Every structure is written in C-alpha cells, then in structure tokens.
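These protein sequence lines map, in sequence, to chains G and Y. Residue 0 is where the first sequence starts when you use numbering that gives the first Met the number 0, and the numbers rise one by one after that. Residue 0 is where the second sequence starts when you use numbering that gives the first Met the number 0, and the numbers rise one by one after that.
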Amino acid sequence: MAEAAESPGDPGTATPRPLFAGLSDISISQDIPVEGEITIPMRSRIREFDSSTLNESVQNTIMRDLKAVGKKFMHVLYPRKSNTLLRDWDLWGPLILCVTLALMLQRGSVDSEKDGGPQFAEVFVIVWFGAVTITLNSKLLGGNISFFQSLCVLGYCILPLTVAMLVCRLVLLTEPGPINFMVRLFVVIVMFAWSIVASTAFLADSQPPNRKALAVYPVFLFYFVISWMILTFTPQ
Amino acid sequence: MAAADELAFHEFEEATDLLAQTPNEATTRGDQLVPQQHVAVAVDSGGSYGAEDEVEESDKTAVLDRIKGSLLPRPGHNFVRHHLRNRPDLYGPFWICATLAFVLAVTGNLTLVLAQRRDPSIHYSPQFHKVTVAGTAIYCYAWLVPLALWGFLQWRKGVRERMGPYTFLETVCVYGYSLFVFIPTVVLWLIPVPWLQWLSGALALALSAAGLVFTLWPVVREDTRWAAVLLLSVVVLLHALLATGCKFYFFQPLPLEPAAPPHQATSQPPTVLLSPPPPRSAAA
Numbered sequence: 000m001a002e003a004a005e006s007p008g009d010p011g012t013a014t015p016r017p018l019f020a021g022l023s024d025i026s027i028s029q030d031i032p033v034e035g036e037i038t039i040p041m042r043s044r045i046r047e048f049d050s051s052t053l054n055e056s057v058q059n060t061i062m063r064d065l066k067a068v069g070k071k072f073m074h075v076l077y078p079r080k081s082n083t084l085l086r087d088w089d090l091w092g093p094l095i096l097c098v099t100l101a102l103m104l105q106r107g108s109v110d111s112e113k114d115g116g117p118q119f120a121e122v123f124v125i126v127w128f129g130a131v132t133i134t135l136n137s138k139l140l141g142g143n144i145s146f147f148q149s150l151c152v153l154g155y156c157i158l159p160l161t162v163a164m165l166v167c168r169l170v171l172l173t174e175p176g177p178i179n180f181m182v183r184l185f186v187v188i189v190m191f192a193w194s195i196v197a198s199t200a201f202l203a204d205s206q207p208p209n210r211k212a213l214a215v216y217p218v219f220l221f222y223f224v225i226s227w228m229i230l231t232f233t234p235q
Numbered sequence: 000m001a002a003a004d005e006l007a008f009h010e011f012e013e014a015t016d017l018l019a020q021t022p023n024e025a026t027t028r029g030d031q032l033v034p035q036q037h038v039a040v041a042v043d044s045g046g047s048y049g050a051e052d053e054v055e056e057s058d059k060t061a062v063l064d065r066i067k068g069s070l071l072p073r074p075g076h077n078f079v080r081h082h083l084r085n086r087p088d089l090y091g092p093f094w095i096c097a098t099l100a101f102v103l104a105v106t107g108n109l110t111l112v113l114a115q116r117r118d119p120s121i122h123y124s125p126q127f128h129k130v131t132v133a134g135t136a137i138y139c140y141a142w143l144v145p146l147a148l149w150g151f152l153q154w155r156k157g158v159r160e161r162m163g164p165y166t167f168l169e170t171v172c173v174y175g176y177s178l179f180v181f182i183p184t185v186v187l188w189l190i191p192v193p194w195l196q197w198l199s200g201a202l203a204l205a206l207s208a209a210g211l212v213f214t215l216w217p218v219v220r221e222d223t224r225w226a227a228v229l230l231l232s233v234v235v236l237l238h239a240l241l242a243t244g245c246k247f248y249f250f251q252p253l254p255l256e257p258a259a260p261p262h263q264a265t266s267q268p269p270t271v272l273l274s275p276p277p278p279r280s281a282a283a
C-alpha cells in the first residue's frame, strides 16, 4: 500500500497493456471482484466420514477402541521413547487395568474381619487418587504434560503390575512355602522396575531437568504401594 | 505455592542470623543468577535460588537441603530463616507425610510377617486398614497442629516487638520437614530388639523436637515466660504423643496373642494365659 502514491494513475481503468508489463510499479488499491466456483475436492469423502462412525456396527467401534488400547499395551511392554501414548490418550486401558487389579486384590466375601486385604473400593481409590495426585504434582512442578495425558500414562503403566498379580495368583495355587514367597517377590520386583522404567520413559521428558527427580519420586511411591498390596495378598 | 509475603518487609534478627549479614537480599533476589548448586549447603551465600524466583522453591537441591537442615538442628539456626528463607514449599511436607504414612503401614505389616515366622501361631493378615489410619493420623497432625500453632502465634502477636510471626505455610513446612527423621527410624523399628527401638525412637524424637524448638524459640522468646514455656512444652508433648502412638499402634511388641489392635487385646485374656512365654525371652 505504500506504493500507491507512486503508481501512475488509476490502474482500474481499462487501458489495454501487454501482459505483465509494468507489473512491478503497479499497486492495486481497489477491490477487484472475484468470481467463480470453489469446490472442495474431498467433500464427498468428508460427508461419508461424518456419518461413518454413527452408522458403523457396534462391533467395529469396539474393535477400533480395543485395537487402540492393545497398541498402547504394546508400547508399555516395550517402552521406547515414543509419544503415541501421549498423543492419543484414552482412559479405557487404565480403567480395564484398575478394575482387573481391584477385582483380583479384594478380600473374599467370607473374610469379614477388620484387618484383611484391601476392598475393591480401596484399591480403586488408591489407584485413581494416587494418579490424580501425581499428575497435579507434576503440573505444579511446571511440567508441560496435560492432565489426562499424565493420567493415561500412569494408568497404562500399571499393566506390568497387573501381570504380576496374575502370576502371583497362579503361584499361590501351589503349596505355600519360602520358595513360593521368593518367586512372588522376584516377579513383583521385576514388574515394579518395569513399571517405573516405562512411566519415566514417557513422563520424564516433560519436566525441567532440575525437577525430574522430584517428579519421579511420587511415581516410585505410587507403584511401590501397589506392589506391596500385590505382594501381601493372601487368598482366604 | 510461593509465600504470599515475599514482598513484605521482614525484620532481621541479630548478627548471628544469616540474613542480617546480607541486608539487601530482598532487593537483589531477582537479579542474582546464582546457580542451584552453590546455594544448596553453603552458609554464607546469601543469594537467591536462581533465575526462576517467581515460582515455588521445589528444586531438587533445595528440597534436599531442607531435609538435611531438619535432620541436623543447630541452636543458632532457625529453620525458617536459614533454610526456607521465607519461601516455603509444599512439596516437602506433602510427600514426606505420604511417605511416612505408607512406610508406617508397610513396616507395621512387615513386623507381623517377621513375628509370624518366629511364632507360627500368630495369625497373619495384610491389615490394610492401617494404611488409612496412618494416613489420616499423619496428615491431621502435620496440618492441624501447625494451624493451631499459627493461630496461637497470631493471637500473641501483639506482645512481640521485633520478630513477626511465621505464615501458615512456613509453619506447615517446618512441621513437615521435621517429620522426615521418623522415616528411617520407622524402618529401624523393624529390628525386634526393644531397647534399640526405644533408643532410636528417643533419638528421632529429640532431633525432631529440637528442630521445632529452635525454630520457635526466636518467635516465642519475647513473649511472657509462661506463654513461651507452655507453648514449647505443648509442641514437644504433641510430638512425643505422635511418636509413641505410632510405635504402639503399628508395632506391637511381639504379640503373645493373635495380632489385633490394642483395644481388642483386652478382650482376649484367655489366649494370653495359654500361649507360651518363650517368645518373650527370645526377644530379650
């Protein structure tokens, strides 16, 4: 627009000029009406995509979600520095894992004495409130991970401990003894280390370097408590 | 989480106080880019905690430094002035309380396991309810007692001339960090030797209460004598109550009857008469 003062007269009048001649010293200061048709080449595909998730069968929806959950399980079992877990977070996996763990950990209904193992609600509350507290802690320390992403990661990294719980229950079917206990202890320790490694692989990068240890310690405490609950589980 | 009064004018104490040596610390806080490591344990570096001074003081070295300060209380060093430097953080108190609660529950359970190994007649159970009891007790102590203390100090504020009272967050911080010394003590209580347990408990209580007293003494010293003595003795008494309560509730000394909370033990006298005395002599 600064060149308007230098343009030679009004370019809107129809003085016939050769094409592109003097283009450098012309500046357009009037509205030129634009006409035509605008077509979106993908329009038909977009319309089809809009209704596709509504009209697809329930099986397709469930399978799609299950596949996403399964893919994330693979990422937890073989932790690499990728951000698939972070990018498409979902809370189905943590819910499935938490419910499975709580169902396996709860004391049986016949055991009504006051000091027994945790109830279903106690395990559930510990897992979810623990995860929320750790997420709040890492956000207050200045991490740049979102609330639900952090919940997603913490929930998915319970998978090794759930596997440990399954193994412990199987081992407890055999006769009790010191070997029984040592096997369970070994399995729980290995899975605990795996959980910590998997979650720090995802979470540690989101913190400033001088606060990494401060953010990782609550995660350590969280998985330690869950591991202790698994290890002290005794079937009635 | 930054202290709300970091812009307020703070009165400085006498020359033994570190801050008195650098009277213009409050004004240069934002300018000094002292790296974290230099500030951690050095006594005379009156600098700030580095460039990011507008947020909380939760830095790894800062938190470790405060923990070290709570473990080794010295008469001249006021925890609030020396370590907190009027910038309390909530990371330390919250996670120390959480750790202490879980460590209490876990080691209490472990003593039961170890006792059962020695005497198979003891009935073992995971005792999960102790987690909730421990958590509630520790958190209530670490937050309600500082509230009461802060309220009391505010009420007596008029009597003091020189030193302003601590803010609520600073009091919570002092109490939270003072509980840290109980964590290794509780782990030591796993060793089933009674005199060792009482010795380590007494040592931890002494360190912790000393830290509290040295922190509160400058504030309370200008008050009337009865108020000062009353306050300090109540603080120490509550601390001792917490320690002995934890010791008795979570670590019953070699139960002769099936393990149960103390109030249930009184309802089972026949079992006490029937079980053999040898376990007690084995522990002595």
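Note that beta-carbon positions come from the ideal geometry of N, C-alpha and C, so glycine has one too. Note that this is a predicted model, so its numbers are computed, not measured.
Say whether the segment 126-133 of chain Y touches the segment 162-173 of chain Y, bearing in mind that this needs 3 or more beta-carbon pairs closer than 8 angstroms, one atom from each stretch. no
Return the Cβ separation of threonine 199 of chain G and valine 215 of chain G in integer angstroms, given the expectation that the two are a contact with Cβ distance under 8 angstroms. 6 angstroms
Buried or exposed for cysteine 245 of chain Y, please, with buried defined as at least 16 other CB atoms from any protein chain shown within 10 angstroms of its CB. buried
Assigned secondary structure, threonine 38 of chain G (DSSP; H/G/I helix, E/B strand, else coil): coil
Below-9 angstroms beta-carbon distance, leucine 53 of chain G vs any chain Y residue: no
Can cysteine 96 of chain Y and leucine 178 of chain Y be called in contact, C-beta distance under 9 angstroms? yes
Starting from glutamate 121 of chain G, trace the alpha helix (DSSP H) both ways and give me its first and last residue. 119-139
Return the Cβ separation of alanine 208 of chain Y and valine 235 of chain Y in integer angstroms, given the expectation that the two are a contact with Cβ distance under 8 angstroms. 5 angstroms
Work out the CA separation of leucine 158 of chain G and leucine 102 of chain G for me, nearest whole Å. 14 angstroms
Which residues in the same chain as glycine 92 of chain G place their Cβ atom closer than 6 angstroms to its Cβ, once the five residues preceding and following it in sequence are excluded? Val68, Lys71 and Tyr155
Mind checking the segment 214-231 of chain G against chain Y and listing, in chain order, the residues whose C-beta falls within less than 9 angstroms of any C-beta there? Tyr216, Pro217, Leu220, Phe223, Val224, Trp227, Met228 and Thr231
Does DSSP put proline 217 of chain G in a helix, in a strand, or in coil? helix
Cβ separation of glutamine 148 of chain G and leucine 85 of chain G, assumed to be a contact under 8 angstroms, to the nearest whole Å: 5 angstroms
Could you please give the first and the last residue of the uninterrupted alpha helix (DSSP H) stretch that includes leucine 99 of chain Y? 90-117
Can you look up glycine 69 of chain G in the DSSP assignment and give me helix, strand or coil? helix
Compare the Cα-Cα distances from threonine 134 of chain G to each of G/Leu230, G/Pro17, G/Pro217 and G/Phe232 and report the closest residue. G/Pro217
So what's aspartate 64 of chain Y in DSSP terms, helix, strand or just coil? helix
For asparagine 77 of chain Y, go through chain G and note every residue whose CB falls closer than 9 angstroms to its CB, in chain order. Neighbours of asparagine 77 of chain Y on chain G: none; closest Cβ ~25 angstroms, over 9 angstroms.
Could you tell me which of Y/Gln196, Y/Trp197, Y/Leu168 and Y/Pro217 sits nearest to valine 144 of chain Y, measuring between CA atoms? Y/Leu168
Just verifying my parser: in three-state terms, what is the DSSP assignment at threonine 231 of chain G? coil
Could you name the residues of chain Y that asparagine 209 of chain G contacts, counting a contact when the two beta carbons are closer than 8 angstroms? Gln35, Asp58, Lys59 and Thr60
Are the Cβ atoms of alanine 203 of chain Y and valine 180 of chain Y separated by less than 9 angstroms? yes
Could you tell me if glycine 150 of chain Y is buried or exposed, where buried requires 16 or more neighbouring beta carbons within 10 angstroms of its beta carbon? exposed
Are any of the Cβ atoms in chain G nearer than 9 angstroms to that of leucine 32 of chain Y? Residue placement at leucine 32 of chain Y is flagged as unreliable, the pLDDT there being 39, under the threshold of 50; a coordinate-derived value is accordingly withheld.
9 angstroms is my cut-off, CB to CB: does alanine 212 of chain G come that close to chain Y? yes
Got a sec: is the Cβ-Cβ distance from glutamate 34 of chain G to anything in chain Y below 9 angstroms? no
Which residues in the same chain as threonine 170 of chain Y place their Cβ atom closer than 7 angstroms to its Cβ, once the five residues preceding and following it in sequence are excluded? Pro145, Leu148 and Trp149
Sequence-distant residues of the same chain with beta carbon closer than 6 angstroms to leucine 230 of chain Y, five excluded per side: Val219
With respect to 8 angstroms, is the separation between the Cβ of isoleucine 144 of chain G and the closest non-hydrogen atom of the ligand NAP below this value? With respect to the ligand NAP, the structure shown offers nothing to examine, as it has no ligands at all.
Short CB-CB distance (under 9 angstroms) between leucine 139 of chain G and chain Y: yes
Could you say which of Y/Ala239, Y/Gly134 and Y/Tyr174 lies nearest to leucine 103 of chain Y if we only look at CA atoms? Y/Gly134
Which of helix, strand or coil does DSSP assign to cysteine 245 of chain Y? helix
So glycine 105 of chain Y contacts chain G; which residues on that side make the cut at Cβ distance below 7 angstroms? Note that residue 105 of chain Y corresponds to valine in the displayed sequence, not to glycine. Chain G residues near valine 105 of chain Y: Trp227.
CB leucine 189 of chain Y to CB threonine 243 of chain Y, shorter than 9 angstroms? no
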